Amino acid sequence: MQTVIRTEKLTKRFGTLVAVDGLDLEVREGEVFGFLGPNGAGKTTTLRLLCALIGPTSGTAQVAGYALGQQDPEIRAAVGILTEQPGLYERQSAWDNLVFFATLYGLDRTTAARQAEHFLRLMGLWDRRLEPVATFSRGMKQKMAIARAALHEPRVLFLDEPTTGLDPDAAKTVREFIVAVRGEGRTVFLCTHNLDEADRLCDRIAFFRQSVIRIDTPDHLRAELYGHATEIRLMPTPRAEDLVRVQAVHGVREAHLENGSIIVSATDPLLTNPLLVRALVDGGAQIAYVIERKVHLEEVYLSIVEGQAKQSVKLGTSGKVS
Amino acid sequence: MTTLALARTPERGALVRAVCVREWREALGNRLLVAMTLLPPVVILAAGIGAVAAAAANPPSDRDVQAMYAAAPAVVGLDPKEAIQGFIATYFLILFMLIPTVVPLTMAIFSVIGEKAARTLEPLLATPVGVGELLLAKCLASTIPSVIVTWLAYAIYLASVSAIGSQAAVRAVTAPRWVLAIIVMVPLLTLLSVTLGILISTRVNDVRVAQQIGGLVVVPVVGLGIAQVTGRVVLDNQSFVQFTAFLIVVDLAVFFFARLAFQRENILARWR
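This is the structure we're talking about:
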């Protein structure tokens, strides 16, 4: 896959404050790239840098094949951004808002009208296109803002918290839209605190705090940290001797009791699980079920990001950016 | 599959047209702004026509005539009733110069502070549009209606004075220097007011505070009016040319400072 964003030692300082510190990043064309980090980690600053809204203090970046700082108008034409706030002209209609921005993106009248209609229909807002945006709900405004960001069919779509505050129905529409954008071969750069959403949507995830802490696929991140976990439910409840038997099985990394089940982490569950079942049955245990237990991305996030934060505090290098 | 972006940097004409139309729609939807924009020209126009009509209906007192001769030696020897109408008609033309300082200031302030409050600046700046072009478009969006309003008010004033005033009054309001002042100085004063309004709005978030600070722009115009009425300044052709040249220099300087303040990074990182 072609690289659509590449940064090298990208740094942004505001006075003495380091917002982004030597960011090295490669994002591929056609992937949904999750950008996760705590509040104040510098995510919004990174987005603004990559959209050529602000200039870097040092380092280089290529976005959609254009050099940051040298071809900024081209970068802005090639990307779309959903900002934290929808930022719509509330007295004006949904249609007028979209056509206005289409004009600023250099679309001719016919294309602007075609794109505005396409996205209003896609977002389920076509019937209310002539109403002032002020009358819209928060979810509708957010969908409008996403439509505006995607209006000119950018190669990279930067979405900052796209589903925050949305009802499940609106959030579903937005997630389906993200999947559709990826399906068209375009890249989505997704900043979110919704880890479940990131897990479901993202091909790769970067954990970020001033610079990238770790990048990988959600599954690899889980496997690397926790191995593969198996939940074994016993009837009526597991006994202490059952846990001891499980811990003794070859290939088991860790096992503990949790809510009436034994949770087992093994290097290779396909090899270990049959041995576990045999050991428990031989010990007289009654097995209700054996299932693969998926580690939540939240656990991975907390482990990586908080672990890094503790290390930074020890080294005295922590910083906070809005 | 590689999808190419449809976008490109817009033509300047299309950008200016789009920004102007959007701002005018926004302004027309804001009753307070419309009222604040139309009130000054309506009041000045009504007062001017009323004053000329009153002077035409009532003969001036000796005291008024003496005061007029002191302020405008050029009218000595003319029929006092005729001359005082001409004097009043001229005085209100100076007040007409207040319209391009007050009207666009309000529009320019609403234009920037409104965008700050609605958080629309970031999506706007995320487009391929250059900030200089955006500033120019915003300036024109406030300048054009204000100039049109002033010219329209002048046309109504001219027609009214021609209908009710003396020959001296008609000559006064159609004097070439005043016609030129309306054609040349009104746009320059408007532009000054707009760029000042934008400059002030980059620093403050309250429309009223911005208007209070921006209101200072009327002081030189009012001062000029007072100086002329009291006879301290005689507005001849040379002083018009000098004032016009001064306005051009000030316009360029203020636009330069507004352009400095209107930087993408400043707007996003520092404007609050």
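Residue numbers (my numbering), protein chains in the order written: chain A, 1 to 322; chain B, 1001 to 1272.
Ideal placement from N, C-alpha and C gives every residue a C-beta, glycine not left out.
For clarity, every value in this text was computed on a predicted model and none was experimentally measured.
Contact check, A:K323 vs A:C191 under 8 angstroms by CB: the rounded distance? Because residue 323 of chain A is not part of the residues shown, which for chain A are 1 to 322, the question remains open.
For B:L1105, which residues of its own chain have a beta-carbon under 6 angstroms away from its beta-carbon, when the five flanking residues on both sides are left out? S1193, G1197, G1214
Examine the ligand COA and report whether any of its heavy atoms sits within less than 7 angstroms of the Cβ of A:A266. Among the components of this structure there are no ligands whatsoever, and the ligand COA is therefore not found.
Separation of A:T57 from B:P1041, as counted between CA atoms: 50 angstroms
Please identify the residue among B:M1097, B:M1036, B:Y1069, B:L1098 whose C-alpha is closest to the C-alpha of B:G1086. B:Y1069
Tell me the rounded alpha-carbon separation between B:Y1046 and B:I1248. Per the sequence shown, the amino acid found at residue 1046 of chain B is Ala instead of Tyr. Each residue's Cα considered, the two are about 30 angstroms apart.
Closest residue to A:A279 among A:R245, A:H193, A:G80 (Cα-Cα distance): A:R245
Euclidean distance between Cα positions of A:T135 and A:P162: 20 angstroms
How about A:G34 and A:A170: are their beta carbons less than 8 angstroms apart? no
Buried versus exposed, by CB contacts within 10 Å (16 or more), A:F189: buried
Bounding residues of the alpha helix (DSSP H) (the contiguous stretch that carries A:R200): 195–201
For chain B, check one thing: does any of its Cβ atoms lie closer than 8 angstroms to the Cβ of A:E90? yes
Buried versus exposed, by CB contacts within 10 Å (16 or more), B:P1061: The sequence given here places Ser at residue 1061 of chain B; Pro does not occur at that position. Flag for B:S1061 reads exposed.
Counterpart residues of A:R6 in DSSP-defined beta bridges: A:E26, A:Q62
Given B:N1090, which residues of its chain have a CB within under 6 angstroms of its CB, disregarding the five upstream and five downstream residues? Looking at the sequence itself, residue 1090 of chain B is Thr, so the reference to Asn does not match. Only A1172 meet the Cβ criterion.
Put A:P132 into one of helix, strand or coil per three-state DSSP. strand
Taking only beta-carbon atoms, is B:L1268 less than 8 angstroms away from chain A? yes
Return the residues of the segment 1203–1222 of chain B that lie within a Cβ-Cβ distance of less than 7 angstroms from chain A, sorted by chain order. none
Is the shortest distance between the beta-carbon of A:Y289 and the beta-carbons of chain B less than 8 angstroms? no
Assigned secondary structure, A:A229 (DSSP; H/G/I helix, E/B strand, else coil): strand
Quick one: Cα of B:A1108 to Cα of A:R204, how far? 46 angstroms
Rounded to whole angstroms, what's the CA-CA distance from A:K320 to A:G55? Just pull it up for me. With a pLDDT of only 43 at A:K320, under 50, the local geometry of the prediction cannot be trusted, and the value read off the model is given with reservation. Going by the C-alpha atoms only, they are around 19 angstroms apart.
Between B:P1010 and chain A, is any beta-carbon pair separated by less than 8 angstroms? yes
Return the CA-CA distance between B:V1115 and A:W95, expressed in angstroms with no decimal places. Correcting the residue identity first, residue 1115 of chain B is Glu in this sequence and not Val. The alpha-carbon atoms of B:E1115 and A:W95 are separated by roughly 19 angstroms.
According to DSSP, is A:Y105 helix, strand or coil? coil
Pull up the CB-CB distance for B:V1207 and B:I1113, whole angstroms please, since I reckon it's below 8 angstroms. 5 angstroms
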